[in-house]
Amino acid sequence: MTHPNMQTFAQYGSGSYLPSDVTVLLDIVDKQAVADVPVSQKEALIQSGQRHYSDMLTLEQAPTAMHEQLYQQALAQGADRTASDIANLAYTLHDIFGQTVDNEQPLVLVSLVRAGLPIGVLLQRALSDGDRSDSDSSYALPSVHYGISIIRDRGLDPVALQMILDAHPSSPIVFVDGWTGKGAIYQELERSLRPFNQPNQPHFANIFHQGASVVPLLTLADPAGVAWLAASNEDWLIPSGLLNSTVSGLISRSLYTEPQSGLHRSVFYEELRAIDHSLAFIEQIDRARQTLQRPMQCLPMYQQPRYRTAGLIDSIATDYHITNRNRIKPTIAEATRAILRRDPERILLACADHPDTLLLRHLCHERDIHISVLGDKILPYHAITLIKQRSKDDC
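Residue 75 in the UniProt record's numbering sits at position 75 of the sequence shown, with consecutive numbering throughout.
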């Protein structure tokens, strides 16, 4: 579907997704212009405070054959659940917005790059009333989808957000992420949106359509208990959480840009195109969704975060003498990504042989990373990665 003001974004791409799936509001730069910093050096720079993580990148390499195999197993295992969760989320969005949005004022999905992108694309397809989806489905809804950057400590890209607000001045916005870990990204989003949280602010109704101070964050899984709307609060093996760019449109983690200089930046991994699963993942889940047996259900919504795991995170920090909570990476997806991108000290597991942590355990054995099995103590998380301390003051 073509919506008004889309010409505003004609110069922006969609990563390796279809143009109808998403418009990614990032400044794509050549990887030669980005500092490629080894993981151990990056960790020392981050923890010493010399550099922020969003100022540098460890360029992504192709996943190993074992990594690919475990992703395929996770996809086979989790495709139906992902499809059902997407259908329930779409059904709930239709129930909320079905009477207030139309082709002139579509629902605006804003995915947080990168983990939100696959979920946002799946939702966009589910809501779409175009040729790729059932126009008579019980949750078809006019919608448009963007991907924008959010960076811990530096916030949501204000340039990208303003572009969307200017293009859709009367549309409600829902922010989309893959999962919640500790709730840090929710807090970053909430801080970034505070300037709009005043009834006399011109874009108050775009963002705070559920009420003052209600941040409309949607996730597939919400173990931390901070999302406004989520398909579940469980930590489970979300297939798209096991890969990086090759299931997220071949887009790198975003890099910070000062607002006066434009959009946040990213690298497009053209060299990984031959092993890209981004579209195949979307199409497999989308097919599974279209064959689901109804009925679907409206999911619960929460006006404010519950921070279900704040006490657990405090306990982990105390037990392992961690003063910087950024070194604690909970959830299977985040724990796995931390092993691939950071310098881990140990992995905490709830169960020694849970099938959802197979890749995590494989990576630990491959890199000789210590595993501690703590049972119910870390639930609802099934896995937590602790990053090595690289500075004396734990900055």
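Note that beta-carbon positions come from the ideal geometry of N, C-alpha and C, so glycine has one too. Since the structure is predicted, the reported quantities are computational estimates derived from the model, not experimental observations.
On the DSSP bridge assignment, give the partners of residue 53 in chain order.
The partner list for residue 53 (beta bridge, DSSP) is empty, contrary to what the question assumes.
Starting from residue 344, trace the beta strand (DSSP E) both ways and give me its first and last residue.
344-349 is the span of the beta strand (DSSP E), which, as asked, contains residue 344.
Taking the C-alpha atoms as reference points, what is the distance between residue 299 and residue 104?
Approximately 27 Å between the Cα atoms of the pair.
Touching or not, the segment 278-296 and the segment 50-69, by the rule of three or more beta carbon pairs under 8 Å?
These segments do not touch.
Should residue 141 be flagged as near chain D, meaning a C-beta pair shorter than 8 Å?
Of the protein chains in the structure, only one exists, and it is not chain D.
Where residue 152 and residue 225 are concerned, what is the direct C-alpha to C-alpha distance, given to the nearest angstrom?
Spanning the two alpha carbons is a distance of roughly 18 Å.
State yes or no: is the C-beta of residue 162 within less than 8 Å of the C-beta of residue 22?
Not closer than 8 Å, so no.
Quick one: what's got a C-beta closer than 7 Å to residue 200's C-beta in the same chain, skipping five residues either side?
So no residue of the chain qualifies.
Do the CB positions of residue 242 and residue 269 come within less than 8 Å of each other?
No, the Cβ-Cβ distance between residue 242 and residue 269 is not below 8 Å.
I'd like to check one pair, residue 164 with residue 156: are the Cβ atoms closer than 8 Å?
Contact: no.
Would you check if there are 3 or more beta carbon pairs closer than 8 Å linking the segment 300-307 to the segment 207-226?
Touching, yes, given that three or more Cβ pairs across the two stretches are closer than 8 Å.
Please state if the CB of residue 120 and the CB of residue 145 are separated by a distance shorter than 8 Å.
Result yes, Cβ atoms of residue 145 and residue 120 sit closer than 8 Å.
Count the other CB atoms within 10 Å of the CB of residue 194; is the residue buried (16 or more) or exposed (fewer)?
By the 10 Å Cβ count, residue 194 comes out exposed.
Closer than 6 Å by C-beta to residue 230: which residues in its own chain qualify, once you throw out the five before and the five after it? Chain order, please.
Only 219, 222 meet the Cβ criterion.
Write down every uninterrupted run of the alpha helix (DSSP H) in the segment 19-98 whose length is 4 residues or greater and which is fully enclosed by it, in chain order.
With a minimum length of 4 residues, the continuous alpha helix (DSSP H) runs that stay inside the segment 19-98 are 39-48, 65-97.
Can you look up residue 376 in the DSSP assignment and give me helix, strand or coil?
Note: residue 376 maps to helix in three-state DSSP.
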